[in-house]
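Here the protein sequences come in this chain order: A and B. Residue numbering for the first sequence follows our numbering, starting at 1 and increasing by one per position. Residue numbering for the second sequence follows our numbering, starting at 117 and increasing by one per position. All remarks here apply to the structure that follows.
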Amino acid sequence: GAVVSQHPSRVICKSGTSVKIECRSLDFQATTMFWYRQFPKQSLMLMATSNEGSKATYEQGVEKDKFLINHASLTLSTLTVTSAHPEDSSFYICSARPQGWEETQYFGPGTRLLVL
Amino acid sequence: LAKTTQPISMDSYEGQEVNITCSHNNIATNDYITWYQQFPSQGPRFIIQGYKTKVTNEVASLFIPADRKSSTLSLPRVSLSDTAVYYCLVDRSGGGADGLTFGKGTHLIIQP
């Protein structure tokens with residue numbers, strides 16, 4: 001149990017285009033999901049908290065207009081990187097908190113984004 | 117949420133028991149301690165979670181002293197496939213991020 005999926009697993013796009021990444025909790029419901037970014041050989045850095053039915057909360061330094069988050073249901077959150085640039089190339093990982101066990105988070109497999 | 121400190125790297129050999137300790141001096145009453153394993157280009161995988169004393173599952177044990185300012189992940193009889201980065205995370209019941217911060221993790225290298 002407690003499986004989180006992400007789609008796509010890898011994406012290559014041209015500079016200036018937008019990319020959408022989906023995060024799904026497959027066998028549980030999640031009121032809260034998180035989005036992280038991880039650069040090579042570094043730790044995970046929290047970007048934002050996604051709350052079902054309300055606006056996302058962004059960490060300091062993360063542009064909310066560039067990283068659009070939508071949490072439309074208890075099993076799906078999406079991250080859209082708008083007008084992507086090469087410096088946005090990174091490994092994006094989502095996690096989800098199971099309802100009723102909300103001191104825990106389960107992580108997705110990650111999405112590798114390469115912006116040319 | 118409490119920040120965590122772990123050794124940057126550790127080496128061991130196949131078949132040995134490995135203990136990784138994490139410090140979290142500012143842990144609060146409703147904080148839990150969770151350990152994750154991460155392989156390159158993959159998301160972190162949940163290993164074990166605890167609040168106090170000892171927790172054991174099929175892959176690891178977690179020891180938490182009474183003051184909860186540290187925790188130790190114990191991996192029995194490691195194999196080459198246990199080479200990975202291990203993170204301890206202090207997380208809070210209630211759901212929010214509240215300064216949720218991953219430390220640098222411990223890069224565990226298992227040799228034959």
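Ideal Cβ positions, reconstructed from N, Cα and C, are used throughout, including at glycine.
Reducing DSSP to helix, strand and coil, say where D207 (chain B) ends up. In the structure shown, D207 (chain B) sits in a strand (DSSP, three-state: E or B).
DSSP three-state call for D27 (chain A): helix, strand or coil? In the displayed model, D27 (chain A) falls within coil according to three-state DSSP, outside both helix and strand.
Taking C-beta to C-beta, are E98 (chain B) and S195 (chain B) nearer than 7 angstroms? Residue 98 (chain B) falls outside the range modelled here, since chain B spans only 117 to 228, and no answer is possible.
Indicate the three-state DSSP secondary structure (helix, strand or coil) for C216 (chain B) in the structure shown. For clarity, residue 216 (chain B) is Leu in the given sequence; the question names Cys instead. Residue state, collapsed to three classes: coil.
Identified DSSP bridge partners for L68 (chain A): Beta-bridge pairing by DSSP links L68 (chain A) to A:T80.
Count the other CB atoms, across all protein chains shown, that sit within 10 Å of the CB of T120 (chain B); report buried if there are 16 or more and exposed otherwise. Buried is the call here.
Exposure of Q42 (chain A), with buried meaning 16 or more beta-carbon neighbours within 10 Å: Looking at its Cβ environment, which holds fewer than 16 other Cβ atoms inside 10 Å, Q42 (chain A) is exposed.
Going by DSSP in three states, E87 (chain A) sits in which element: helix, strand or coil? Helix, per DSSP.
For T82 (chain A) and I134 (chain A), believed in contact at Cβ under 8 angstroms, the rounded distance: A query on residue 134 (chain A) cannot be resolved here, the shown segment of chain A reaching from 1 to 116 and no further.
Cα-Cα separation between P109 (chain A) and T75 (chain A), rounded to whole angstroms: For P109 (chain A) and T75 (chain A), the distance between alpha carbons rounds to 16 angstroms.
Taking all protein chains shown into account, decide if L44 (chain A) is buried (16 or more other Cβ within 10 angstroms of its Cβ) or exposed. With at least 16 other beta carbons inside 10 angstroms of its own, L44 (chain A) counts as buried.
Hey, R184 (chain B) and I136 (chain B) are a contact pair by Cβ (cut 8 angstroms); roughly how many whole angstroms apart? Not quite, the Cβ-Cβ distance comes to about 17 angstroms (not below 8 angstroms), so this is no contact.
Is the beta carbon of C94 (chain A) sitting closer than 7 angstroms to the one on Q29 (chain A)? By the CB criterion at 7 angstroms, C94 (chain A) and Q29 (chain A) fall outside the cutoff.
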